[in-house]
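*Asks:* Structure in structure tokens, see below.
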Amino acid sequence: MNAWRHFEAESEIAAVCPYPTTLCNDATAACAAEFFFGRCWRYRDFLYFFIGEFLGGGLVLDGALRPGRTGNAAALGSMPIIAKANGGVAPQLIACASLYQLERRLEAAGLDSSSIYATPESWGELGAQVDAWIEDAAFALAYSTVAAISVIDFEAIVIDGALPATVRERLTARMTQIFAGLDRRGLSDVDIVPGSIGADAGSIGGAALPLIKQFARDREVLFKDAMRRAS
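Count the sequence shown with the numbering used here and you get residues 448 to 678, in order.
If you want it as structure tokens, here you go:
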């Protein structure tokens, strides 16, 4: 595995591929899709959560996608949160608001979990397990949002992922309710909105990177050689 740390994937692929090659975090690419092709273009500053098997994120500031110094900005799955029972070691957000946690719940209940990956646009009737997952994920996302807006004065928090639209809407609505009840003294308000791209956001954003690289404002921010510099 250590050899991969020094493997220059972008240059190696570019050497054998006649097409433009760009290295980008998958969740950052998903955020790009939402920003350029979704409904969130109207926000100049937003934090983007993408819920898949794991959980990642993206960051838009001053109307530009910001991948960060090493390409790992908005690594939201690693954000620590407080346990709902207020005890024990603080878990990471990924342990509360990702699909592998829902998968574990379904399997523990003796249910088939394959549909949440095979058909992300429709999970069928999974009932109480999805309800419980939404409740825990919404709390974790709301808590993380309070932490995030204490650092940056975002206009919006965007929730997207490989989820059916109905689940995404329910999760966003419940998160908004929980967020409203948390202690936010000293903080500005923020819009919490569902994303509009869904499961294909990473693929769409990745496919659009050559266009973004050529035409987007502040493209040097997105496509600077962050990974090489960090190594």
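A virtual CB, placed ideally from N, CA and C, is assigned to each residue, including glycine.
Would you say Y490 and A603 are within 7 Å of each other, going by their C-beta atoms?
*Replies:* Translated into positions along the sequence shown, residue 490 becomes position 43. Translated into positions along the sequence shown, residue 603 becomes position 156. Yes. Within cutoff.
*Asks:* Going along the chain, which residues of its own chain have a beta-carbon closer than 6 Å to the beta-carbon of A474, five neighbours each way excluded?
*Replies:* As a first step, residue 474 is located in the sequence shown; it is residue number 27 there, counting from the start. Excluding sequence neighbours, A474 sits near F497, G503, G504 and G505.
*Asks:* Using 10 angstroms around the beta-carbon of Q624, count the other beta-carbons present and answer buried if the total reaches 16, otherwise exposed.
*Replies:* If you number the sequence shown from 1, residue 624 lands on position 177. It is exposed - the Cβ of Q624 has fewer than 16 other Cβ atoms within 10 Å.
*Asks:* Is the stretch 456-470 close to the stretch 565-577, with three or more CB pairs under 8 Å?
*Replies:* no
*Asks:* Buried or exposed for W580, going by 16 or more other Cβ atoms inside 10 Å?
*Replies:* Taking the sequence shown and counting its residues from 1, the one referred to as residue 580 is at position 133. Buried.
*Asks:* Buried or exposed: P641, going by 16 or more other Cβ atoms within 10 Å of its Cβ?
*Replies:* Residue 641 sits at position 194 when you count from the first residue of the sequence shown. That one is buried.
*Asks:* For the alpha helix (DSSP H) that contains F688, what are its first and last residues?
*Replies:* The structure shown has nothing for residue 688, since the chain only spans 448 to 678.
*Asks:* Taking only runs that begin and end inside the stretch 564-620, name each unbroken beta strand (DSSP E) of 3 or more residues, in chain order.
*Replies:* 603-608
*Asks:* C478 to S561, Cα distance in whole Å?
*Replies:* As a working mapping, residue 478 is identified with position 31 in the sequence shown. As a working mapping, residue 561 is identified with position 114 in the sequence shown. Answer to the nearest angstrom: the Cα atoms are 26 Å apart.
*Asks:* Can you give the beta carbon distance from I529 to A537, rounded, assuming they're within the 8 Å contact cut?
*Replies:* In the sequence shown, counting from the first residue as 1, residue 529 sits at position 82. In the sequence shown, counting from the first residue as 1, residue 537 sits at position 90. Contact flag correct, Cβ pair sits at about 6 Å.
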